[in-house]
Ligand code: ZN
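Numbering (our numbering), first residue to last: 1 to 280.
Here it is as structure tokens:
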């Protein structure tokens, strides 16, 4: 099942067309894409058994984040060995670094992003998991049952702010407006042959800069949910950015950062792509 946020309204994507959920369910489900996670099992059952009407065509630029206002966003640093190495760190033995991307940074999949002045703005393609059932102290074996679905995220990062001392400012440096595009839609885990092994990649102006597979995550999606939910409850609709593979601008020699006019395309196999253009 593919669930989307089309112009702020909850929709299902069927054969590439959008079905408005409030209309198709005769009002049984509200149009707000965020509140559906509180009734995720019921929604999923309805969506997979309902006799849906033919959908309507839509433009990708009218999509919003499938989780536009999560109560919590948890983002994971240094979760691929090759990215930890290019960042100059050993792969963490216990929990990896965890930060947030504040909710005002979240956007839909096709956007124009303003580059902060005097910054070094970098790219990080990531698999994003959205929670569908409250998770508190769950085991790794039970974790997938708490995931509503997977989507694509860009953890856009302004490195000057992020790394300014005395302690790093990960959350602020990664939370400028538009720095958390998510989409194009949410895909339920059953849609994948193996949800623990998906290719992710991103390109700038057509030149590939990152390519990895989620099987190389140091902490897999289920491991992250088990370890994070041992510390705090994960709530329906919460968003987890799972980390980025090698190939970010900071780790290059010479370093490279996004410039006005650049187009960044980020994709995860079996889900879809994000498209950001950058302006001064
Ligand atoms: Zn990241």
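From the three backbone atoms N, C-alpha and C, an ideal C-beta is built for every residue, glycine too.
Considering only residues of the same chain and omitting the five flanking positions on each side of residue 101, which have a CB-CB separation below 6 Å? If you number the chain shown from 1, residue 101 lands on position 101. Excluding residues within five positions, the ones whose Cβ falls inside 6 Å are 73, 75, 174, 175, 180.
Between residue 40 and the rest of its own chain, which residues show a CB-CB distance below 8 Å, the 5 nearest in sequence each way excluded? Numbered from 1 along the chain shown, position 40 holds the residue referred to as residue 40. So the qualifying residues of the chain are 132, 133, 148, 236.
7 Å CB neighbourhood of residue 203 in its chain, flanking five on each side removed: Locating residue 203 in the chain shown gives position 203, where the first residue counts as 1. Answer for residue 203: 209, 265, listed in chain order.
Could you give the distance in angstroms between the alpha-carbon of residue 98 and the alpha-carbon of residue 192? Position 98 of the chain shown, counted from the start, is the residue given in the question as residue 98. Position 192 of the chain shown, counted from the start, is the residue given in the question as residue 192. So the alpha carbons of these two residues sit roughly 27 Å apart.
Contiguous beta strand (DSSP E) assignments of at least 3 residues, all confined to the region 149-204: 180-187, 199-204
From 142, 19, 216, 56, residue whose alpha carbon lies closest to that of residue 226: Taking the first residue of the chain shown as 1, we reach residue 226 at position 226. Looking at the Cα atoms, 142 is the closest of the given residues.
Output the boundary residues of the alpha helix (DSSP H) element that contains residue 82. Translated into positions along the chain shown, residue 82 becomes position 82. Counting along the chain, the alpha helix (DSSP H) containing residue 82 begins and ends at 81-86.
Residue environment, residue 95, which counts as buried when at least 16 other CB atoms sit within 10 Å: Along the chain shown, read from residue 1 onward, the residue named residue 95 stands at position 95. Classification for residue 95: exposed.
Under 8 Å, do residue 126 and residue 145 count as touching if we go by C-beta distance? Looking up residue 126 in the chain shown gives position 126. Looking up residue 145 in the chain shown gives position 145. The answer is no: Cβ separation not under 8 Å.
In terms of residue numbering, what span does the alpha helix (DSSP H) encompassing residue 274 cover? Reading the chain shown from its first residue, position 274 is the one you call residue 274. Taken as a continuous stretch (DSSP letters only), residue 274 belongs to no alpha helix (DSSP H), being part of the beta strand (DSSP E) at 272-279.
Where residue 59 falls: helix, strand or coil (DSSP): In the chain shown, counting from the first residue as 1, residue 59 sits at position 59. Reduced to three states, the DSSP call for residue 59 is coil.
Per-residue burial, residue 257 [other beta carbons within 10 Å of its own, 16 or more giving buried]: Counted from its first residue, the chain shown places residue 257 at position 257. Buried.
Check whether the Cβ of residue 263 lies closer than 7 Å to any heavy atom of the ligand ZN, and answer yes or no. What you label residue 263 is simply residue 263 of the chain shown in a count that begins at 1. Not so, every heavy atom of the ligand ZN lies at least 7 Å from the Cβ.
Just curious, the beta strand (DSSP E) that residue 124 is in, first and last residue? In the chain shown, the residue the question calls residue 124 occupies position 124. No beta strand (DSSP E) contains residue 124, which DSSP labels as neither H nor E.
Which one or two residues does DSSP pair with residue 64 in a beta bridge? One-based indexing of the chain shown puts residue 64 at position 64. Paired residues: 5.
Does DSSP classify residue 224 as helix, strand or coil? The residue you call residue 224 lines up with position 224 of the chain shown. If DSSP states are grouped into helix, strand and coil, residue 224 belongs with the helices.
Pairing CB atoms from the region 24-38 with CB atoms from the region 241-252, are three or more of them under 8 Å? no
Which residue wins for smallest C-alpha separation from residue 108, given the options 201, 78, 63? Your numbering for residue 108 matches position 108 in the chain shown. Comparing Cα positions, the closest option is 63.
Would you mind working out which of 67, 88, 24 sits nearest residue 253, comparing C-alpha positions? Locating residue 253 in the chain shown gives position 253, where the first residue counts as 1. When only C-alpha atoms are compared, the closest one is 88.
So what does DSSP say about residue 111, is it helix, strand or coil? Taking the first residue of the chain shown as 1, we reach residue 111 at position 111. Here residue 111 sits in strand by DSSP.
For the ligand ZN, is there a heavy atom less than 7 Å away from the beta-carbon of residue 122? Taking the chain shown and counting its residues from 1, one reaches residue 122 at position 122. Residue 122 Cβ: outside cutoff for every heavy atom of the ligand ZN.
Once the 5 residues before and after residue 22 are set aside, which same chain residues still bring their CB inside 8 Å of it? Your numbering for residue 22 matches position 22 in the chain shown. These residues qualify, in order along the chain: 9, 10, 29, 30, 31.
At 4 residues or longer, what runs of the alpha helix (DSSP H) sit wholly inside the region 9-44? Runs found: 21-24.
With 16 other CB atoms within 10 Å as the buried threshold, where does residue 121 fall? Indexing the chain shown from 1 puts residue 121 at position 121. Residue 121 is buried by the Cβ-count criterion.
Run the proximity test for residue 88: is its beta-carbon closer than 7 Å to any non-hydrogen atom belonging to the ligand ZN? To locate residue 88, count along the chain shown from 1; it is residue 88. At a threshold of 7 Å, residue 88 does not count as near the ligand ZN, since its beta carbon sits no closer than that to any of the ligand's heavy atoms.
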